[in-house]
Amino acid sequence: MTDFLRPEVRAFFWRWREVLLATGLAVLGVWWGATGVGITRWLGFLCIAIGAAWGFAGVQRVRFAQGADGPGVVQIRERRLAYFGPLDGGVMDVEDVISLALDPSGYPAPHWVITGAGGQRLAIPVNAAGSDDLFDVFASLPGINTHKMLDVLSRTPDAHVIIWARTRPVLH
């Protein structure tokens, strides 16, 4: 059964799976909303809203994904970010992150540069295995503009760009 679709078509469907499922849920919601009666009609409207929100998030994840053929492996367990690379690596709690930047000069691909409260830095290639999970970590940072992050990633700037930095409380 795995030979039914060409590998590139399978990869396309796998990459867009969230958006496709969200579209299916929204279509089901439209059908229930148009033909349903009573609670079924309201469940249809709810499915439309959930499908739209899920589809929006899915499109953002697709824009963030850069492949998984780069060096190293990213793991996220219990709000702890770990990167195991061929030459570098480290572990950092998500709560300790104080800045996020994109360094386009990294080889062979641009790197996310994550700085921790203790001064430690993780340089993670955007195409490392498991780097797709970083989207959820980055989206959980307080006050981050995910649209800006995705724009910077899609145009790959010429210089080091700080995407997010934790604001320090002002003491009077």
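Using my numbering, the letters of the sequence shown correspond one by one to residues 345 to 516.
Beta carbons: idealized from backbone N, C-alpha and C, even for Gly.
Because the structure is a prediction, the values reported are computed rather than measured.
Its chain contains R405 and F408 as the residues whose beta carbon lies nearer than 6 Å to that of F479, once the 5 sequence neighbours on both sides are disregarded; these appear in chain order. In the DSSP assignment, G460 falls within the beta strand (DSSP E) that extends over H455 to G460. Between the beta-carbon of H504 and that of A445 there is about 6 Å, and that keeps the pair under the 8 Å contact cut. In terms of CA proximity to V481, I458 leads the group G414, Q464, I458 and T500. Residue environment: L390 is assigned as exposed (fewer than 16 neighbouring CB atoms within 10 Å of its CB, all protein chains considered). Every unbroken stretch of the beta strand (DSSP E) spanning 3 or more residues and falling wholly within the stretch 436-512 is given here in chain order: 441-447, 455-460, 465-469 and 505-509. With a beta-carbon spacing of about 34 Å, A426 and G395 fall beyond the 8 Å limit used to define contacts. About 22 Å separates the CB atoms of V403 and A472; that is not less than 8 Å, and the two are not in contact. Each residue's CA atom was taken as its position, placing T511 and G429 some 30 Å apart. By the CB criterion at 8 Å, A509 and S449 fall outside the cutoff.
Going by DSSP, Q419 is part of the beta strand (DSSP E) stretching over V417 to R421.
Annotation: P452 to G487 spans about 30 Å, alpha carbon to alpha carbon. Within its own chain, the residues whose Cβ lies closer than 6 Å to the Cβ of A461, once the five positions on either side in sequence are excluded, are D440 and I442, listed in chain order. Assigned with DSSP and collapsed to three states, A366 falls in helix. For the 8 Å CB-CB criterion, W386 and E362 do not form a contact. Using a 10 angstroms sphere on the CB of L431, the tally of other CB atoms stays under 16, which defines it as exposed. Burial is judged here by how many other beta carbons sit within 10 angstroms of a residue's own beta carbon; P513 has fewer than 16 and is exposed.
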